[in-house]
Each structure stands twice: as C-alpha cells, then as structure tokens.
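Peer 1: Count along the sequence shown from 1, then add 9; that gives the number in our numbering.
Mind looking over this structure? Questions follow.
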Amino acid sequence: MRLPQKKGGSGEEPTRTKTHARRSGTESGNRNGFRNRDFTTNETNPATNAVPSAHKTDDMYDRFAIFLILQSINRPYPPDRSRPCPGRSADSTYLILKMRHFYLSVVLLSGILLCCCAQREFTLEWALNLAGDNRAELERVLDHYKQNPADSQKYRAAVYLITNMPGHYSVDSVLANRFCDKADSVMAIPLDTSFLELSKTDFNMARNLDWEKFKVPALEKISKEMPFKQESLRPDIQVIKADYLIKNIDSAFATWKTSPWSAHLNFDHFCEFILPYKVQDPFLPDDWREYCRKFCDSIVDLSDMDRCQYYKNSIHWAARFVNSALLPNMRIIGPYTYNGNQPIRMSTWIKKHFVSCGEKGIVCMAVMRSKGIPMAVDYTPQWPTGYEGHSWCAVLTTAGGNYEKFDPFEGFPGEAYRPGETMAKAFREGYAINPLLFRINRSGEDVPPFLRNSFIKDVTSEYMSTQTIEVSIPDSLKQQNRFAYLSMFDNKNWVPIAWGEVKRSKVRFEDIGRSVAYLPSYYIDGKVVPFSYPFTLDANGRAEYMIPDTTRLQSVDLTRKYPPHYHVYNTTKRLIGGKFQAANRPDFRDSVTVFEFPEGWNDPTGTIDLSRDTAKYRYWRFLSPPDRHNQMAEVRFYLAGDTVPNTGKIIGTPGTRIGDPKNHKEAMFDNDPFTFFDAPFPYDGWAGMDYGKPVSMDRILFVYRSDDNNVWIGDEYELFYWKDRHGWASLGKQKAENLKLHYDSIPTHALFFIRDYTRGVQERIFTIEDGKQVWW
10 MRLPQKKGGS GEEPTRTKTH ARRSGTESGN RNGFRNRDFT TNETNPATNA VPSAHKTDDM
70 YDRFAIFLIL QSINRPYPPD RSRPCPGRSA DSTYLILKMR HFYLSVVLLS GILLCCCAQR
130 EFTLEWALNL AGDNRAELER VLDHYKQNPA DSQKYRAAVY LITNMPGHYS VDSVLANRFC
190 DKADSVMAIP LDTSFLELSK TDFNMARNLD WEKFKVPALE KISKEMPFKQ ESLRPDIQVI
250 KADYLIKNID SAFATWKTSP WSAHLNFDHF CEFILPYKVQ DPFLPDDWRE YCRKFCDSIV
310 DLSDMDRCQY YKNSIHWAAR FVNSALLPNM RIIGPYTYNG NQPIRMSTWI KKHFVSCGEK
370 GIVCMAVMRS KGIPMAVDYT PQWPTGYEGH SWCAVLTTAG GNYEKFDPFE GFPGEAYRPG
430 ETMAKAFREG YAINPLLFRI NRSGEDVPPF LRNSFIKDVT SEYMSTQTIE VSIPDSLKQQ
490 NRFAYLSMFD NKNWVPIAWG EVKRSKVRFE DIGRSVAYLP SYYIDGKVVP FSYPFTLDAN
550 GRAEYMIPDT TRLQSVDLTR KYPPHYHVYN TTKRLIGGKF QAANRPDFRD SVTVFEFPEG
610 WNDPTGTIDL SRDTAKYRYW RFLSPPDRHN QMAEVRFYLA GDTVPNTGKI IGTPGTRIGD
670 PKNHKEAMFD NDPFTFFDAP FPYDGWAGMD YGKPVSMDRI LFVYRSDDNN VWIGDEYELF
730 YWKDRHGWAS LGKQKAENLK LHYDSIPTHA LFFIRDYTRG VQERIFTIED GKQVWW
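Okay, here's the thing in structure tokens:
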C-alpha cells in the first residue's frame, strides 16, 4: 500500500531535514576561524533560549508514524482460530483486526502530522519573535515564496534558515568592510622586485618572501589600528535582510538544480551542504557565492571533465581538481595575527592568498559549495596525544552518505585521512540546531567552551571503531549536575571532549575513540571536577582504570617528557650508517670506526660505551651517512672517570646548507640540544675535536636533531602521578646528570607526567609497562 505523501511544489517525495551543527570549541591551530562562538555581548545569546529544530522533530515523528504503519501491515499477528467472531471465520476475524489496526494507525499518523505542523509553526514564530525590528524583513522572505505553489521547496528552505538562525552572528558591516578595504589595498601592491631578484627565477619563493616580509606585517599593523571588538557582533536573526536571504536562496537552488555535483542531493543534504547563506561564524554578509564561483572558474576549468567519461559528473574528481587548483593559489602559514581575528569578506580572504590552518577549510568549503560540491568542515577539538585540535574537509560523494575526507590545499579526497592518528571525538560543523546540545545549554549548568552553542554534531563513528562506556559515580562524589564529561589531557590540563547524561548514579558516554586516556568529570564553575580515576581505553575497547598501587613499587629510567611523533622517528632514521671515527692524521686517512649506527636504529639520543677500547687517537669525529646531511645536535667525548666532557679544538666541514650561522659545525658542541650542525652537502659532512695529542675515550654521548623533549643534562625535572580525585602528586624533583631520570619506589599501575622547569612547554601523560613509557 502506498503511503500518503505530503504536498510539495513539484510533487516530490517528502523529505526530512536533519539537524546539523557548527563548532563551538576553539582549536589551537585556528587563530582566525571563529570556531568558538560563545561571544561576550550585552545581549542574551538566542541559542541558549532556542527550541529544537522543527525539521528534526518532523523527522522524528514521521519516522515513528511510518514505523507504526509498517508494523500494522507486516506484523505476523497469530489469530486465535479457536474463538472467531460470531458469524465469521477465524481468517476473516484476523483480517478485520488487522484492518482496524491499520486505520487506527492512519488516524494516529494524521494526529502526529498535525502536531508536527503546529510544532513547525511554533518554532518559526519563536525565531521571528527573536528578530525584533527585523521581523518584517524575515516575514517578507516567507511571503515572497508563499505566493507561488512552485516555490514550496524554497519556502521550506526559508523556514529552515530562519528557524535555525538564532545563535548565528554577523559583524558590523561598516567597520568590517573598512578593514577589508584596507587589507585589499595592501594585497594590491605589486610584488617587491627585490624578492624576485633574491629568489632568481622562482616566482613562488619570491611571492612567499613578499608575504612574510611585507604583506603579513602590513596586515598586522592594520589589525592593531582596527582591532576586532566583541561589541561589533550582531545576531543574524536581527540583521539579515530579506533581499540578501532571497538572493542566497535563489542562488543556492539554481546551483542545486544545475550543478552535476549536486544532482544526488536530497532536500536534507541540500539544506546542510549548499543552502546556508554563510560558511563561518561570525561572518560579514557579502556575495561570496558569486565571487567564489568566478574565482574557481579562473583557476580550474571543470568543463574539461566532460571530455572524459571517467571524470564526467564525478564529485570525487571535481573536488580533487578544485583542491589541487587551490594549492598554488593559497598558502598555509603559521599562527600570525595578520587580521587580528577580524571576520573578513570572502573576497579579501582569497585576495590575500594566505590562510591559517583554521581558515583553509572555510575558504575551501566556500569555493566548493559555490560550484555545487557538497562539502563540510569536520574537526577534532583536541588530539589525544597533543595540545591542540585540527580541522579538515568532508565531501558528500553519494546519496547514501559516503564522505571523503581530506586536508584542504594539501591532501586529496578519497585518500585515507590520517590513518595512523587516533581521535577521541570528531565533529561536523553545520547550520542547524542540534537538539541534544541545545538541551545541555538549557540545563542551567556550566558548560565547557566547545559546547556552548548547538551547531555541531558528533561524527566520530565515521572515522573509527568507537566504544560506548558507562561510568559509575561514587555516592560521596555525587553532584546535582545532569550532565558529566570525559576529559583529555592537553599537555597542561584536563579538557572536556565528550558528554553524557547522569542517570541513577551512572553516566553513559557514546561513540568515544579508542587508544585514548580519559578522566570522568563534572564541569563546575569553569573547572574540571573529577569523580573517578582516569582510565585508558585500548584499541580493543577495554577500559583500565589507573588506580595507583602504592604497595607494589617499581624503579624506572625515563628518557622523554613528550612522545616522539613521526617526524622525530623519520629524522632519527638519518643516523643509520653514520659513524664515530678516530684517527691520528688530520685527514682521517688512518681512521678507525669505533661505532656505526646499525639498521633499525630509532633513538635520537644515547651513550656509546668505549671502555673496552684503550687505543689512543688525537682526532675524534662524527661522519654523516652517505647521501645525508650531517644533522648531529650535540656530541660529548668523555675520558675515563670524568663527569665533564673532554674539550679540544673544533674541526670539521666548513659552512652550512642554508647559510645560517646557528647551524655551523660549532653547534655540535654548544651545549644546546636544540641547535644542530647542518652540513652544506649531503655527503662526507663531519665535525669533531682535535685534542692536540692522542687520548683514549671512555664513552661518547650524542643527541641527534630532534624536538628537544629528551631528558637533557642540567635541566631540572619533576615526576608526577595521578593520586586521587584531588589530582597530581609529586614523586620528587631531579637535576639530570645524564640522558635519563632514575626514580626508585614509585607506584605501579598509575598515570604519570614529567615537567621540565628549565626549558620547553610540551608535556604528556604516560603509563609504565615492562619498564617503558607508554604514551597516552
């Protein structure tokens, strides 16, 4: 039996708009992306007074009603054939009962649909009431699309935008446009010819130098003269005008209906990926679609895809071609404050040709959407073994919901996105209100920063195998809070990353990442308040609580305070084949190799024992491996019984690869493990000591180029362990005498971290397994 359809302008199948979300937490790499929208203004944030999206409620009720009808038709009701209705057979009685159940369900469905319509109208009215003096503008949009039955979908789109508008913000257009005009004038200045001369024929290098030496400082100056102020924020619901919204809706529909890369989108996906009038929060209203469309056409001709059947109408290849074209036109730079966190026009963003890590996804998304390529920005607020988060792009390539993830301007759609990385949580930015997060924000409790608006949704399960875990709350630590959180260590503090609702002294956390350490906690008065011990969740989803055992103690040697990431391992591989040599001739023609780094070597620091070799030599050196630049950071030669290194005259290959005086051969003996010798050629680069007479060495201490997180001689360290709900307890300070910290009588089955009081800021929690540090 065909289900009754809702009325629509084109007679299309009824669609249900899902809720989507926009990030509220800031990522450390995103200085200018405005991901955290807990803006401090004199007005009440409408998002905290919001009601759930009518489309989400519509979806819920529709699914429930259809479920009931399908159940009534398909459920195998066993007839009681022993007691048929008078005058009827058992089979006819069964049929009558089944039909009655069906008609009852139809009546129930009609009632639910009436409730849905009432809910939709209530939600729309609530949003319009928040518009204040701007209500007439928004009603003009609705009236515009009510006139023509053929515009019924556009009317629904307008309702979607308006009902989800509270909580979104714009900036004062006068101030922001003035800033953008000045920024545009800076970018219009021709390339400095001196940079062209400096870089010879390499235009890209000249342009990069021009950016870094002139244009970025110039924009920083403008930012200081015209700083962004929170007072310039305006709620969208009170400032977005009818003409702007109508133009956006018409343009979005034209893209949806004409772009070959939007043909697979249903109305829900269209609302999520193409329709929104903005791609960031807050934003400066401008005609970003038209500008980005023209910009994209100027850097890549997507019509060429029609010539190859393999490429034609392929969303994957369209996204790949656009992303590849953006790479030479946009450069990713570090944490400059070149725009002072000032929301700017999309045209200004593109004209300046450089973006921060947080901005690149916004620019890429704007360009893609302008061409009808359905794209969103996903992110993780906090890496499990780092101190910041990261954002990237996700392209919807099939109607079934297949997303291809990639790093904008760097990676390619379809490639495995960071397959070796673990994540605790991944979220997708969106436009619509997420009812669950809305409810958390309405609870009256203090809410962690990254959840203080309702425009994100959890997509963790799209990236990895996840785990659902239930944590008990001891009676002595119960609070009145309705919500609790899992927190992760960010190198200094525990930060909330996942949430759950407290029910009967337990809290359930769904879809959390594995191979991560978590701390169950409340969030009270802006602070993480633990109610349980931290636990580690291994790759198989097994949770192990880190409850320190002070009855079974252990002794350990610790070599690092932060995990060696892949770049450390890759750099350390360059040691393989390197040699420590000794000789009595200055040209080393009579050299002997006292140690050669073997295959598989992966430790950037160490001590080489030479105590069994008593031969004496005047000249001692480190020789780089074949086809490798010498990048040794520190070398110390020790005589037997000495605690200080033996010094002599520094000898070796003159010069350095890039002419930096910090990277000459003297850097190997400057007592600074962060500087290193960078030999000018990738072969036969060496540095060492002339001791004036033959000497016998007892040992050689070395540090290869690394991240300066190894234990270093002379630094003061302190080891901590998580004792109880009150937090960390010290296991004592030490001043390092060699490349290891030795501790006796420390608890087993505990969570630790090391603090260096002399240098550096990176710290990471770890456990000790089989005498080795295991990082979390």
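Each residue gets a CB set at the ideal place from its N, CA and C atoms; glycine is no exception.
Does the stretch 757–776 come within contact of the stretch 495–511, defined as at least 3 CB pairs closer than 8 Å?
Peer 2: Output reads yes: the stretch 495–511 touches the stretch 757–776.
Peer 1: May I have the straight-line CA-CA distance separating Q590 from Y626, to the nearest angstrom?
Peer 2: Using only the alpha carbons, I get a separation of about 10 Å.
Peer 1: Could you check what DSSP says for Q489 in three-state terms: helix, strand or coil?
Peer 2: If DSSP states are grouped into helix, strand and coil, Q489 belongs with coil.
Peer 1: Taking the continuous beta strand (DSSP E) assigned at W629, which residues delimit it?
Peer 2: Here the beta strand (DSSP E) through W629 covers 626–632.
Peer 1: Following the continuous beta strand (DSSP E) through Q563, name the residue where it begins and the one where it ends.
Peer 2: Element bounds for Q563: 558–567.
Peer 1: Kindly confirm or deny that the stretch 185–195 and the stretch 229–236 touch, where touching means at least three C-beta pairs closer than 8 Å.
Peer 2: Touching, yes.
Peer 1: Measure the beta-carbon distance from W401 to F415 and round it to whole angstroms, keeping in mind my assumption that it falls under 8 Å.
Peer 2: About 7 Å; that satisfies the 8 Å criterion.
Peer 1: Compute the Euclidean distance between the alpha carbons of D779 and N611, then round it to the nearest angstrom.
Peer 2: Between D779 and N611, the C-alpha separation is close to 19 Å.
Peer 1: Using CA atoms only, rank isn't needed, just tell me which of H153, I774, Q239 is closest to V525.
Peer 2: Of the candidates H153, I774, Q239, the one whose C-alpha sits nearest the C-alpha of V525 is I774.
Peer 1: Is the CB of T776 under 7 Å away from at least one CB in chain D?
Peer 2: This model lacks chain D altogether; it includes just one protein chain.
Peer 1: Nearest-angstrom Cα distance between E727 and W737?
Peer 2: One C-alpha to the other measures close to 12 Å.
Peer 1: Using 10 angstroms around the beta-carbon of Q489, count the other beta-carbons present and answer buried if the total reaches 16, otherwise exposed.
Peer 2: Looking at its Cβ environment, which holds fewer than 16 other Cβ atoms inside 10 Å, Q489 is exposed.
Peer 1: Please give the ranges of any beta strand (DSSP E) in the stretch 496–577, keeping only runs that are unbroken, at least 3 residues long and fully inside the region.
Peer 2: 503–512, 515–522, 525–533, 536–539, 544–546, 552–554, 558–567, all fully within the stretch 496–577.
Peer 1: Just checking my contact of L567 with Q771 at CB under 8 Å: how many whole Å lie between their CB atoms?
Peer 2: Rounded, the Cβ-Cβ distance is 15 Å, inconsistent with contact.
Peer 1: Determine, using beta carbons only, whether V603 and F711 come nearer to each other than 7 Å.
Peer 2: Contact flag unset, no.
Peer 1: Roughly how many angstroms separate the alpha carbons of L311 and G141, rounded to a whole number?
Peer 2: Cα to Cα, the separation comes out at about 44 Å.
Peer 1: Specify the secondary structure class of E430 as computed by DSSP and reduced to three states.
Peer 2: E430: coil per DSSP, three-state reduction.
Peer 1: Should W508 and V537 be called a contact, given that it needs their Cβ atoms to be closer than 7 Å?
Peer 2: Contact: no.
Peer 1: State the DSSP-derived secondary structure class of R144, mapped to helix, strand or coil.
Peer 2: The answer is helix: DSSP assigns R144 an H, G or I state.
Peer 1: Where does P244 sit, in a helix, a strand or coil, going by DSSP?
Peer 2: Reduced to three states, the DSSP call for P244 is strand.
Peer 1: Tell whether a beta-carbon distance below 7 Å holds between V180 and S241.
Peer 2: Yes, these two residues count as a Cβ contact at 7 Å.
Peer 1: Does the distance from the C-beta atom of G587 to that of P654 stay below 7 Å?
Peer 2: For G587 and P654, no; Cβs fall outside 7 Å.
Peer 1: Per the DSSP calculation, T616 is bridged to which residue(s)?
Peer 2: T616 is bridged to L710.
Peer 1: Starting from G736, follow the alpha helix (DSSP H) in both directions and report where the run begins and ends.
Peer 2: Element bounds for G736: not the alpha helix (DSSP H) but the beta strand (DSSP E), 736–744.
Peer 1: Which first and last residues belong to the beta strand (DSSP E) in which Q782 is found?
Peer 2: Segment 781–784, the beta strand (DSSP E) holding Q782.
Peer 1: Under 7 Å between the Cβ atoms of Y542 and Y527?
Peer 2: Cβ atoms of Y542 and Y527: not closer than 7 Å.
Peer 1: According to the neighbour-count rule (16 or more other Cβ atoms, all chains shown, within 10 Å of its Cβ), is T767 buried or exposed?
Peer 2: With fewer than 16 other Cβ atoms within 10 Å, it is exposed.
Peer 1: Which same chain residues end up closer than 6 Å to F690 when comparing Cβ atoms and leaving out the 5 residues on each side of it in sequence?
Peer 2: Nothing meets the Cβ criterion.
Peer 1: When burial is assigned at 16 or more other CB atoms within 10 Å of the CB, is C317 buried or exposed?
Peer 2: Exposed, by the Cβ-count rule.
Peer 1: Measuring alpha carbon to alpha carbon, tell me which of E299, D724, W270, S182 ends up nearest H325.
Peer 2: Minimum Cα distance to H325 is reached at W270.
Peer 1: Taking DSSP's pairing of strands, which residues face Y253 in a bridge?
Peer 2: For Y253, which the question treats as bridged, DSSP gives no partner whatsoever.
Peer 1: Ends of the beta strand (DSSP E) at H399?
Peer 2: Per DSSP, H399 belongs to the beta strand (DSSP E) from 399–405.
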